[in-house]
Amino acid sequence: SQTIHQWPATLVQPVGSPLSLECTVEGTSNPNLYWYRQAAGRGLQLLFYSVGIGQISSEVPQNLSASRPQDRQFILSSKKLLLSDSGFYLCAWSLADTQYFGPGTRLTVL
Amino acid sequence: DAKTTQPPSMDCAEGRAANLPCNHSTISGNEYVYWYRQIHSQGPQYIIHGLKNNETNEMASLIITEDRKSSTLILPHATLRDTAVYYCNRLRGGSQGNLIFGKGTKLSVKP
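What follows is the structure, encoded as C-alpha cells:
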C-alpha cells in the first residue's frame, strides 16, 4: 500500500531564515505530487504541483520554491522566510484524480 | 473560492447517521464531487467521490441529486472519532487538480 511521509512534523524558524520541508511517497511510481498551505482557520491553497522529476508548476507567486529531485521526493524551500509563511504545509500525491495527503508540517515563523 | 457551500457546523448523536449537505449549483459536467475530512492538526483524509451516481464505500455514502447541484455525505453510524471538519470539493476529471478547500462543516459527534 502507498504511504506518504512529511518531515519535520513541526518547525519554528526566525524571520529571514531558510526553509526545507521534505515529502516522500512509498509504494507507487510516477505519482503527481502537490504542496498545499493551510493558514490558521482558512482553507487549502495549492502552492506547487509536479507531474514528474524536475517538472514543477507554481500556482502562487511567492518566496517559496519546490523541487522534485527523485520520482517520489518533493521538497519545499525558501531562502528567507517571512512571517506570512507560517501555516500548515501539506504534501499530497495522486495517480489519477484522487489526492491523498500526508500528515503535514506545522511551521511557525517568529 | 471553493465554489461549494456547506453549513459551518453540525451536531450528531453518537450511533446516529450524520448527513452533511453541500451545495455546488454551478458544477460542470466533467467535475467530480469529492469529500475529505480533517481531524484537528492532521492532514485531510479522503472519504469518497462521485460524478453522477450515488456511491458507497467502507467509510460513507455519497448521494448526488439528479441535477448535480447538491450532494449529501452520509456517515451511517457516527462515532466520536468522526468529529472533524468535512470538506466538499469540486474537481475536474483528468486535471492535476487544485483542491480548493473552503471552510467546510465542523461535525461534532456527541455521546
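Same order as they appear, the protein sequences are chains A and B. Going left to right, the first sequence walks through residues 8 to 117 as our numbering numbers them. Going left to right, the second sequence walks through residues 456 to 566 as our numbering numbers them. Beta carbons: idealized from backbone N, C-alpha and C, even for Gly.
The straight-line gap separating the alpha-carbon atoms of Tyr56/A and Val32/A is approximately 14 Å. Here the stretch 463–481 of chain B makes contact with the stretch 512–526 of chain B; the two share three or more CB pairs at distances below 8 Å. When Cβ pairs closer than 8 Å are counted between the two stretches, the stretch 540–549 of chain B is seen to touch the stretch 481–498 of chain B, the count reaching three or more. Not flagged as an interface residue toward chain A: Lys458/B, since no C-beta distance is shorter than 9 Å.
In chain order, Ala472, Ala515, Ser516 place their CB closer than 8 Å to the CB of Pro531/B, counting only its own chain and leaving out the 5 sequence neighbours on each side. Using a Cβ-Cβ cut-off of 9 Å, Asp104/A counts as an interface residue toward chain B, since at least one Cβ of chain B sits closer than that to its own.
Listed along chain B are Tyr501, each with a C-beta nearer than 8 Å to that of Tyr107/A.
In the structure shown, the three-state DSSP call for Arg471/B is coil.
Tyr56, Ser57, Val58, Ser64, Glu66: these are the residues of the stretch 55–66 of chain A whose beta carbon lies less than 9 Å from some beta carbon of chain B, given in chain order. Take Gln20/A, set aside five residues on each side of it, and the residues of its chain with a beta-carbon closer than 6 Å to its own are Leu88, Val116, in chain order. Interface criterion met: the Cβ of Gly111/A is under 9 Å from a Cβ in chain B.
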